[in-house]
Each structure stands twice: as C-alpha cells, then as structure tokens.
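>
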Amino acid sequence: MLSNTKYRGDFESRMDEAMTYISSHKNAVLFIDEIHTIIGTGSSENSLDVANILKPYLARADIKIIGATTNEEYQKTIFKDKALRRRFDLINVLEPSLEITKKILLGLKPSYEDFHNIRLDDNLIIHLCDEADMKIHNKKRPDKCIDILDETLSYAKINHKEATYELIDQIIDDRVGYHNRRKDYHYKEILKLSFLSENKLKEDKNYNYHIAIYNNEEAISYLK
8 MLSNTKYRGD FESRMDEAMT YISSHKNAVL FIDEIHTIIG TGSSENSLDV ANILKPYLAR
68 ADIKIIGATT NEEYQKTIFK DKALRRRFDL INVLEPSLEI TKKILLGLKP SYEDFHNIRL
128 DDNLIIHLCD EADMKIHNKK RPDKCIDILD ETLSYAKINH KEATYELIDQ IIDDRVGYHN
188 RRKDYHYKEI LKLSFLSENK LKEDKNYNYH IAIYNNEEAI SYLK
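Here the sequence shown stands for residues 8 to 231, where the numbers follow our numbering.
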C-alpha cells in the first residue's frame with residue numbers, strides 16, 4: 008500500500024480505493040494483523056494515517072474489520088485513541104487446549120498435504136501435538152504444533168521421505184535441543200551481568216543466589 012506513494016495524497020487515494028472496493032462486497036471481512044501498526048502508518052505532514060482513514064468507514068459500518076495484536080500493544084496504541092477504541096470490541100483469544108489444538112491441526116492437515124504432496128495419518132497428527140506440547144515450552148499452542156507439522160512435511164518432501172513418528176520425534180528433539188543451547192548461553196550471560204564469576208558464587212555461601220541471577224530457578228540449578 009505504501010509502495011510508490013511519494014506525493015501527498017497518494018496513500019490516502021490508494022486506501023480509499025481499497026476501502027471502496029471492500030465495502031462494495033457486503034460479505035467481505037478485512038483482517039489486519041498487527042493492527043496497532045495502523046496508527047502512524049502512511050502519515051506525513053498534512054496527511055492521514057491508516058487509522059484515521061478507516062474511522063469514517065467504521066463509523067458508517069461500511070466494512071467489517073478484524074484486527075489482531077497483543078494486549079501490550081493494544082494498551083500502548085489503540086486504547087489511547089478513544090475514537091478508534093470505541094469502534095472495536097475487544098476479544099481476548101486464549102491459548103487453546105491440547106484437545107482443541109489437535110482438532111485445529113486435523114483441520115489444517117488437508118491443506119498441508121496438498122501443498123507438500125505428502126499424505127499424513129491422523130494418528131501422526133495426534134502424536135505430533137502430544138510430543139510438541141510436552142517438549143516445547145518457548146511457544147504457545149497451536150503455533151508450536153503448526154511449526155512442527157510444516158517442518159516435518161518440508162523435510163520429508165525435500166528428502167523424498169515419508170512423514171513418520173520417528174521423523175516427527177527427531178524434528179521436535181532438534182528444536183528442543185536448539186532451544187536448550189540458547190538457554191545455556193542465556194544463563195552464562197546472566198552470570199556476566201551479575202559481575203560475579205561462577206567460582207565466586209560457589210565460594211560465597213552467604214550470597215543470595217536469587218538476587219544474583221534474578222530469581223531464575225533454572226539458572227540457579229545450573230550453578231549447583
């Protein structure tokens with residue numbers, strides 16, 4: 008939308024054209040990911056940003072818009088704009104349960120099978136979700152399961168293999184191993200920030216480990 012909008016009014020004209028097209032289709036729904044970025048985007052001296060261009064359409068209910076963002080970004084941006092805030096209903100989307108995640112993955116399975124041209128047994132999807140949920144803790148459901156599904160099928164396609172239980176386990180273990188190596192590096196960086204060497208921490212029995220490494224139980228166990 009911003010490409011080649013060098014002159015004042017170019018961006019507004021392009022946005023109005025897009026909104027007119029969308030509003031002419033009464034069943035159309037506009038989805039905006041990272042919706043907090045509409046505040047300020049496209050604005051320059053004496054020109055409107057995306058948020059202010061959208062407001063008249065939202066006020067007339069000409070278009071249906073769903074936006075996605077985090078609670079933190081919502082509070083920092085959209086919440087502060089009263090006119091924009093009252094035109095949206097806030098819905099908090101919670102992390103789905105493991106059982107719902109399995110249903111989501113089973114629903115996505117045909118699309119991934121068609122894209123990668125590899126067939127999957129439903130039991131493989133169930134196994135993938137169980138293993139990913141048990142072993143991967145740095146991401147949420149269903150994102151971590153979808154990542155593993157895509158990576159498994161990509162690997163199988165490139166290497167002309169079938170998607171198997173063993174391949175799924177290998178990919179998950181590789182992902183977890185990489186995360187653990189990052190955590191190991193992170194703990195050492197924490198120790199550097201504390202300005203105390205590991206030996207100093209071990210020698211000083213009266214020193215409060217929790218203060219030294221910011222109440223991180225995993226990092227504390229790393230020292231012992």
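Just so it is clear, CB atoms sit at the ideal spot from N, CA and C, and this is done for glycine as well. Every value quoted in this text rests on a predicted model; they were computed, and no experiment measured them.
1. Taking the alpha-carbon positions, what's the histidine 193 to threonine 76 distance?
2. In this structure, how does DSSP classify lysine 109 when only helix, strand and coil are distinguished?
3. If contact is defined by three or more beta carbon pairs under 8 angstroms, each pair taking one atom from either stretch, is the region 151 to 160 in contact with the region 111 to 128?
4. Take the Cβ of isoleucine 178 as the centre, count every other Cβ of all protein chains shown within 10 Å, and call the residue buried at 16 or more, exposed below.
5. Quick check on proline 149: buried or exposed, where buried means 16 or more other Cβ atoms within 10 Å of its Cβ?
6. For the region 76 to 93 against the region 27 to 46, do three or more pairs of beta-carbon atoms, one drawn from each stretch, fall closer than 8 angstroms, so that the two count as touching?
7. Can you name the residues that DSSP bridges to glycine 74?
8. Short of 8 angstroms in beta carbon distance, which residues of its chain neighbour serine 161, apart from the five on each side in sequence? Order them along the chain.
9. Please state whether the Cβ-Cβ distance between glutamate 256 and lysine 168 is less than 9 angstroms.
10. Rounded to the nearest angstrom, what separates aspartate 69 and tyrosine 28 at their Cα positions?
11. Kindly list the residues whose CB is nearer than 7 angstroms to the CB of lysine 116, restricted to its own chain and excluding five residues on each side of it in sequence; keep chain order.
12. Specify, as a first and last residue, the run of the alpha helix (DSSP H) that isoleucine 132 falls within.
13. Hey, valine 36 and isoleucine 72: beta-carbon distance below 9 angstroms or not?
14. Measure the CB-CB distance between lysine 4 and arginine 94 and report whether it falls below 9 angstroms.
15. Beta carbon of leucine 105, beta carbon of aspartate 129: below 9 angstroms?
16. Nearest CA to the CA of lysine 109: which residue from Cys152, Lys87 and Met26?
Looking at the coordinates:
1. Taking the first residue of the sequence shown as position 1, residue 193 is located at position 186. Taking the first residue of the sequence shown as position 1, residue 76 is located at position 69. Confidence in histidine 193 is poor, its pLDDT being 49 and thus under 50, which makes the residue's placement unreliable; the coordinate value appears in the next sentence. Rounded to the nearest angstrom, the two C-alpha atoms are 28 angstroms apart.
2. Taking the sequence shown and counting its residues from 1, the one referred to as residue 109 is at position 102. Lysine 109 falls in the helix class under three-state DSSP.
3. yes
4. Working through the sequence shown from its first residue, we reach residue 178 at position 171. By the neighbour-count rule (16 or more Cβ atoms within 10 Å), isoleucine 178 is buried.
5. Residue 149 sits at position 142 when you count from the first residue of the sequence shown. Proline 149 should be labelled buried.
6. yes
7. On the sequence shown, residue 74 is found 67 positions in, with the first residue counted as 1. DSSP lists Ile39 as partners of glycine 74.
8. Counting from one through the sequence shown, the residue named residue 161 turns up at place 154. Here the set comprises His123.
9. Here the chain covers residues 8 to 231 and nothing more, so residue 256 does not appear.
10. To locate residue 69, count along the sequence shown from 1; it is residue 62. To locate residue 28, count along the sequence shown from 1; it is residue 21. Using only the alpha carbons, I get a separation of about 11 angstroms.
11. Locating residue 116 in the sequence shown gives position 109, where the first residue counts as 1. For lysine 116, where only same-chain residues beyond five positions count, the Cβ hits under 7 angstroms are Leu127 and Ile132.
12. Translated into the one-based positions of the sequence shown, residue 132 becomes position 125. It spans 129 to 142 - the alpha helix (DSSP H) in which isoleucine 132 sits, taken as one unbroken run.
13. As a first step, residue 36 must be located in the sequence shown, where it is residue number 29. As a first step, residue 72 must be located in the sequence shown, where it is residue number 65. For valine 36 and isoleucine 72, yes; Cβs fall inside 9 angstroms.
14. The chain is shown only over 8 to 231; residue 4 falls outside these bounds and no answer can be derived.
15. What you label residue 105 is simply residue 98 of the sequence shown in a count that begins at 1. What you label residue 129 is simply residue 122 of the sequence shown in a count that begins at 1. Taking 9 angstroms as the Cβ cut-off, leucine 105 and aspartate 129 do not qualify as a contacting pair.
16. Position 102 of the sequence shown, counted from the first residue, corresponds to residue 109. When each option's Cα is compared against that of lysine 109, the closest is Cys152.
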